[in-house]
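One structure is given below, encoded as structure tokens.
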Amino acid sequence: MANDDNAVKFTRRDFLEASSGALAIAGVGPVASAAAAAQEKAAKTDANYSDRAKSDPGPTNSVLDAQNPSGFNPPSTDAGGVQTFKYPFSFGHKRLHSGGWSREVTQRELAVSKTMAGVDMRLTAGGIRELHWHTAAEWAFMLYGNARITGLDNDGKSFVQDVHENDLWYFPTGIPHSIQGLGPDGAEFLLVFDDGNFSEYATVLLSDWMAHTPKDVLAKNFGVPESALANLPKEELFIFQSALPGPLEADLKVSAGARGLSPIDFGFRTSQMPVTKKTKGGEVRIVDSNNFKISKTISAAIVTVHPGGIRELHWHQNADEWQYYFAGKGRMTVFATGARARTMDFQTGDVGYVQQTLPHYIENTGDTDLKFLEMFKAPVYQDLSLSEWLTHTPPQLVMAHMNIDKATLDKIPRDEIVIMPE
Ligand code: MN
Ligand code: MN
110 MANDDNAVKF TRRDFLEASS GALAIAGVGP VASAAAAAQE KAAKTDANYS DRAKSDPGPT
170 NSVLDAQNPS GFNPPSTDAG GVQTFKYPFS FGHKRLHSGG WSREVTQREL AVSKTMAGVD
230 MRLTAGGIRE LHWHTAAEWA FMLYGNARIT GLDNDGKSFV QDVHENDLWY FPTGIPHSIQ
290 GLGPDGAEFL LVFDDGNFSE YATVLLSDWM AHTPKDVLAK NFGVPESALA NLPKEELFIF
350 QSALPGPLEA DLKVSAGARG LSPIDFGFRT SQMPVTKKTK GGEVRIVDSN NFKISKTISA
410 AIVTVHPGGI RELHWHQNAD EWQYYFAGKG RMTVFATGAR ARTMDFQTGD VGYVQQTLPH
470 YIENTGDTDL KFLEMFKAPV YQDLSLSEWL THTPPQLVMA HMNIDKATLD KIPRDEIVIM
530 PE
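Note that my numbering has the sequence shown beginning at 110, numbered continuously upward.
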């Protein structure tokens, strides 16, 4: 502990932190992380933590440094080791085909993202993501253009729908489906899967299956001569260029057949739902199994934060959060317990991740709207905000923790605002 001369310079907060450090050294709490954090804190409060100390005269990637100011020069509240929670789609391998491309961010790319993975996919007009299914459920967000999706429900009834920018779809595990780009310029969309190890390149593909089944078996199975199957693809198609499909009505009629169409709506039109919460700081739409019935394993918040606004301090009780930033720029601090916290910056096209229950905020650091998706492997969306917690707890209890007066506590919003300012 400090001698008396030094102690007078300490704030009350410093004293409390020093005390908890002493407890940790005595074997109460995480000794190693507390000791490391104390060391880091000592360095930061030292007079040497100046512009001179922060300078970086050696080699560096100045372009990435400029995009990541919170890494280059972290806020003094950051401390300790927190697993990396950002991965840009720009770093992904782009798999190019004649009808489009795809790139993915899975647990292989972003180690912390155990519960969900994402794919960014482009299809040209007429380009087809071939008929397939997979072990994970698929939630999708249309980023650009127009596409036609098809599926088959558990009763063998057909589903066909045209989707446009901001529309969603969801296909449960094992439900076969396809996506085709429409005019005038195809589509780009984000796919989110409820498994961090999911890979878009390990799915059951119609072409791949046929290429690995003996021709005489296929002939017997379909009741057609083997010669009629001579031109089946010899390897998987995955994404391929085709002609544009005809009118939707015609596709609906022929795929319905005598059974009729599926009563299940695998699509969701976000633009037709009311905003869930709107403030001066921005707006949010919550889409989960309450309003998008079929989406039983994935829930989402679609968030816009205006310049100067902040997605308030909060946490999610029921699931990890997988994020996709699709406009603007911002920064997020994840407080990872044990005196550890890390701030990272995000740009359009980045994936972010927050482990279940860890507190975080997202601040718009640009001069345009910041837009991102919060995705959860959970049937319903859940969160709690710091403000609603503090204002629904006995005031004396809260004031005793925070050293704030009643007037300050009274100013803290009593409802969950989601995006400040109110
Ligand atoms: Mn799929
Ligand atoms: Mn969140």
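C-beta atoms are modelled at their ideal positions from N, C-alpha and C, and glycine is treated no differently. Predicted, not measured: the structure shown is a model, and the values here were computed from it.
Separation of residue j from residue i, as counted between CA atoms
| i | j | result |
| --- | --- | --- |
| VAL172 | GLY290 | 34 Å |
| GLY499 | LYS520 | Correcting the residue type first, residue 499 is Leu in the shown sequence and not Gly. Distance between the alpha carbons of LEU499 and LYS520 is about 11 Å. |
| ALA337 | ASN399 | 48 Å |
| PRO503 | MET453 | 34 Å |
| PHE377 | PHE401 | 7 Å |
| LEU232 | PHE302 | 19 Å |
| ASP325 | TYR462 | 49 Å |
| LEU518 | HIS510 | 12 Å |
| PHE194 | ALA359 | 46 Å |
| GLY391 | ARG440 | 16 Å |
| PRO383 | GLN350 | 37 Å |
| PHE200 | ASN177 | 15 Å |
| VAL295 | SER211 | Here residue 295 turns out to be Gly, not Val, going by the sequence shown. Using only the alpha carbons, I get a separation of about 14 Å. |
| PRO168 | ASN427 | 43 Å |
| ARG217 | ALA445 | 22 Å |
| GLN381 | VAL272 | 13 Å |
| SER185 | ALA162 | 13 Å |
| ALA328 | THR259 | 26 Å |
Residue range of the unbroken alpha helix (DSSP H) whose run includes residue i
| i | result |
| --- | --- |
| PHE331 | 324 to 331 |
| PHE181 | 178 to 181 |
| VAL363 | 357 to 365 |
| ALA516 | 515 to 520 |
Limits of the beta strand (DSSP E) - the one that residue i falls within
| i | result |
| --- | --- |
| VAL269 | 267 to 273 |
| PHE481 | 479 to 485 |
| LEU252 | 247 to 261 |
| SER316 | Where SER316 is concerned, there is no enclosing beta strand (DSSP E), although the alpha helix (DSSP H) it sits in stretches over 315 to 320. |
| LEU291 | Taken as a continuous stretch (DSSP letters only), LEU291 belongs to no beta strand (DSSP E), as it is neither H nor E. |
| LYS386 | 386 to 388 |
| GLU421 | 419 to 424 |
| GLU430 | 430 to 436 |
| LEU277 | 276 to 280 |
| GLU392 | 391 to 396 |
| LEU240 | 237 to 242 |
| GLU345 | Counting along the chain, GLU345 falls outside any beta strand (DSSP E), and DSSP gives it neither H nor E. |
| GLU497 | Careful: GLU497 lies outside any beta strand (DSSP E), inside the alpha helix (DSSP H) at 495 to 499. |
| THR233 | Careful: THR233 lies outside any beta strand (DSSP E) and carries neither H nor E. |
| GLU472 | 469 to 473 |
| THR452 | 450 to 456 |
Anticipated Cβ contact below 8 Å, residue i with residue j, distance rounded
| i | j | result |
| --- | --- | --- |
| LEU493 | TRP424 | 6 Å |
| TYR490 | VAL460 | Their Cβ separation, rounded to whole angstroms, is 19 Å, which puts TYR490 and VAL460 out of contact at 8 Å. |
| LEU219 | TRP248 | Between TRP248 and LEU219 the Cβ distance is about 18 Å, and since that is not below 8 Å, they are no contact. |
| GLY254 | GLU213 | So it is not a contact: roughly 20 Å between Cβ atoms. |
| PHE347 | HIS243 | So it is not a contact: roughly 13 Å between Cβ atoms. |
| GLN464 | VAL221 | 7 Å |
| HIS241 | VAL333 | That pair is no contact at about 23 Å. |
| VAL396 | THR379 | 7 Å |
| LYS486 | THR224 | 5 Å |
| LEU353 | LEU361 | Not a contact, Cβ separation roughly 16 Å. |
| PHE307 | THR215 | 6 Å |
Backbone secondary structure at residue i - three-state DSSP
| i | result |
| --- | --- |
| ASP303 | coil |
| GLY227 | strand |
| SER408 | strand |
| LEU370 | strand |
| VAL214 | strand |
| GLN192 | coil |
| GLU161 | Looking at the sequence provided, one finds Arg at residue 161 rather than Glu. Of the three classes helix, strand and coil, the one that applies to ARG161 here is helix, per DSSP. |
| GLN309 | Before going on, a small fix: residue 309 reads as Glu here, not Gln. GLU309 falls in the coil class under three-state DSSP. |
| MET508 | helix |
| THR169 | coil |
| THR413 | strand |
| GLN381 | helix |
| PHE200 | helix |
| ALA296 | strand |
| LEU353 | coil |
| ASP459 | strand |
Whether residue i touches residue j by CB criterion (8 Å)
| i | j | result |
| --- | --- | --- |
| MET484 | GLU430 | yes |
| GLY450 | ASP187 | Here the sequence assigns Ala to residue 450, which means Gly is not the residue at that position. In contact: ALA450 and ASP187 (Cβ atoms closer than 8 Å). |
| PHE435 | ILE403 | no |
| PRO522 | GLY475 | no |
| ALA320 | PRO342 | yes |
| THR282 | ALA311 | no |
| THR388 | LYS480 | no |
| GLY458 | PRO183 | no |
| VAL228 | GLU309 | yes |
| SER287 | GLU239 | yes |
| MET529 | ILE419 | yes |
| GLU78 | TYR470 | Because the chain here runs from 110 to 531, residue 78 falls outside it and cannot be looked at. |
| LEU482 | ILE407 | no |
| SER267 | SER364 | yes |
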